[in-house]
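Below is one structure, written out as structure tokens, with a few remarks after it.
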Ligand code: TYC
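In full-length UniProt numbering, the protein residues as written are 1 to 102.
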């Protein structure tokens with residue numbers, strides 16, 4: 001299947017096979033030791049939230065045990081989880097971050 005143009009280039013049409021990528025939510029988990037301010041800064045820095053939104057997400061995690069920070073494609077979500085875990089570990093905090101298919 002293709003379209004013949006004047007310059008003889010043949011552009012293959014995409015068959016009807018492209019699905020939208022699976023999406024993954026990145027979730028922060030509560031613990032008793034990571035400082036609230038550290039979590040707020042993480043949410044602002046790695047999930048591009050303003051301070052007020054970051055504060056709301058942090059408090060939700062603190063009260064409910066977990067909170068969604070954003071929804072991304074698989075590779076982006078995995079990168080964010082790795083960056084957050086590395087940053088927390090280097091700072092000496094036990095903050096945990098996971099990804100879940102939506
Ligand atoms: N519970 C922590 C405290 O009281 C704060 C906290 C919030 C820790 C969110 C982790 O993902 C987290 N210092």
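Built from N, CA and C at the ideal position, the CB exists for glycine as well.
All values reported here derive from a predicted model rather than from experimental measurement.
Check                                                                                       : Outcome
Spatial distance of residue 27 from residue 68 (CA atoms)                                   : 4 Å
Beta-carbon proximity check, residue 31 vs residue 96, cutoff 8 Å                           : yes
DSSP three-state assignment for residue 46, whether helix, strand or coil                   : helix
The stretch 51-65 contacting the stretch 74-90, beta-carbon criterion three pairs below 8 Å : no
Boundaries of the alpha helix (DSSP H) in which residue 53 is found, first to last residue  : 51-64
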